[in-house]
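*Asks:* So for the sequence shown, this note's numbering puts the first residue at 146; every next one is plus one. Glycine is no exception: its CB is placed at the ideal position from the N, C-alpha and C atoms. Just dropping this structure here.
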Amino acid sequence: MIRFATETDLEAILAIYNDAILTTTAVYTYKAKDLQERKEWFLAKREKGYPIWVYEKEHRVAGFATYGSFRPSPAYQYTIEHSVYVHKDFQKLGIGTSLLKTLIEDANEKGYATIVAGIDASNTKSIYLHEKLGFSSAGIVHKAGYKFGQWLDLAFYELLLDGPKNPMEA
């Protein structure tokens, strides 16, 4: 079941996110976050009107997805960047696909024009998922990050949506 996240989901979201920080190159961050940071993140998303979804399976948060502004300048108002994370115990069950489809549908309904994904270039599973759902490569930033004793290349993928019927400058 996919539903909007609540504050009671934050510990589970935090556990999923911290596992990605500490064990993968999906997040170019070194240190685990704490619950207070996740609460601030949650409230900031809510204040700006950005959704956070969770995928609930067996009464557990199995994954989460969200999006937010691509860049702070107003001319980017129709472009968003998204995140999808799935708990290691629930991978390969289609949860990431379901969350990303929900996110795409929501973004399209809200009039966004472009969704951007920043994916570690070695993350072939995430790249495959994005390509399967229509994203195309928008380029690679080489040596964008350094983690686990190695340089990391950041691949950008984009999905063009319908966009607003009457775009305007903010």
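Kindly list the residues whose CB is nearer than 7 Å to the CB of L159, restricted to its own chain and excluding five residues on each side of it in sequence; keep chain order.
*Replies:* As a working note, residue 159 is residue 14 in the sequence shown. Closer than 7 Å at Cβ, skipping near neighbours: K178, L180, R183.
*Asks:* So, with DSSP's three-state summary, where would you put D265?
*Replies:* Residue 265 sits at position 120 when you count from the first residue of the sequence shown. D265 falls in the strand class under three-state DSSP.
*Asks:* Can you give me the C-alpha to C-alpha distance between D164 and F301, rounded to a whole angstrom?
*Replies:* For this step, residue 164 is matched to residue 19 along the sequence shown. For this step, residue 301 is matched to residue 156 along the sequence shown. Distance between the alpha carbons of D164 and F301: 23 Å.
*Asks:* Less than 8 Å separating the beta-carbons of V231 and I240?
*Replies:* Here residue 231 corresponds to residue number 86 of the sequence shown, with the count starting at 1. Here residue 240 corresponds to residue number 95 of the sequence shown, with the count starting at 1. Closer than 8 Å, so yes.
*Asks:* Helix, strand or coil for D298 per DSSP?
*Replies:* Taking the first residue of the sequence shown as 1, we reach residue 298 at position 153. In this structure, D298 counts as strand in the three-state DSSP scheme.
*Asks:* Put K190 into one of helix, strand or coil per three-state DSSP.
*Replies:* Along the sequence shown, read from residue 1 onward, the residue named residue 190 stands at position 45. Here K190 sits in helix by DSSP.
*Asks:* List in chain order: all unbroken beta strand (DSSP E) runs of 3+ residues lying wholly within the segment 193-266.
*Replies:* The segment 193-266 contains these whole beta strand (DSSP E) runs: 197-202, 205-214, 224-231, 259-265.
*Asks:* Can you tell me whether L167 is helix, strand or coil according to DSSP?
*Replies:* Along the sequence shown, read from residue 1 onward, the residue named residue 167 stands at position 22. L167 falls in the helix class under three-state DSSP.
*Asks:* Helix or strand or just coil, what does DSSP make of A289?
*Replies:* Numbered from its first residue, the sequence shown carries residue 289 at position 144. The answer is strand: DSSP assigns A289 an E or B state.
*Asks:* Quick check on this structure: which residue in E152, I197, A189, K176 has the alpha carbon closest to the alpha carbon of D132?
*Replies:* This structure leaves residue 132 out entirely; the chain is present only between 146 and 315.
*Asks:* Let me make sure I understand the geometry here. Which of Q236, Q222, G284 has the alpha-carbon closest to that of K255?
*Replies:* Taking the first residue of the sequence shown as position 1, residue 255 is located at position 110. Checking every option, the nearest Cα to that of K255 belongs to Q222.
*Asks:* Considering Cα atoms alone, identify which of A315, E185, Y175, S271 is closest to E156.
*Replies:* Looking up residue 156 in the sequence shown gives position 11. Of A315, E185, Y175, S271, the residue nearest in Cα terms is E185.
*Asks:* Within the chosen definition, does the segment 306-315 reach the segment 271-286 through at least 3 CB pairs nearer than 8 Å?
*Replies:* Short answer: they don't touch.
*Asks:* Quick check on the DSSP output: the beta strand (DSSP E) that includes F149 runs from which residue to which?
*Replies:* Within the sequence shown, the letter at position 4 stands for residue 149. It spans 147-149 - the beta strand (DSSP E) in which F149 sits, taken as one unbroken run.
*Asks:* Under 8 Å between the Cβ atoms of G208 and I161?
*Replies:* Counting from 1 along the sequence shown, the entry for residue 208 is found at position 63. Counting from 1 along the sequence shown, the entry for residue 161 is found at position 16. For G208 and I161, yes; Cβs fall inside 8 Å.
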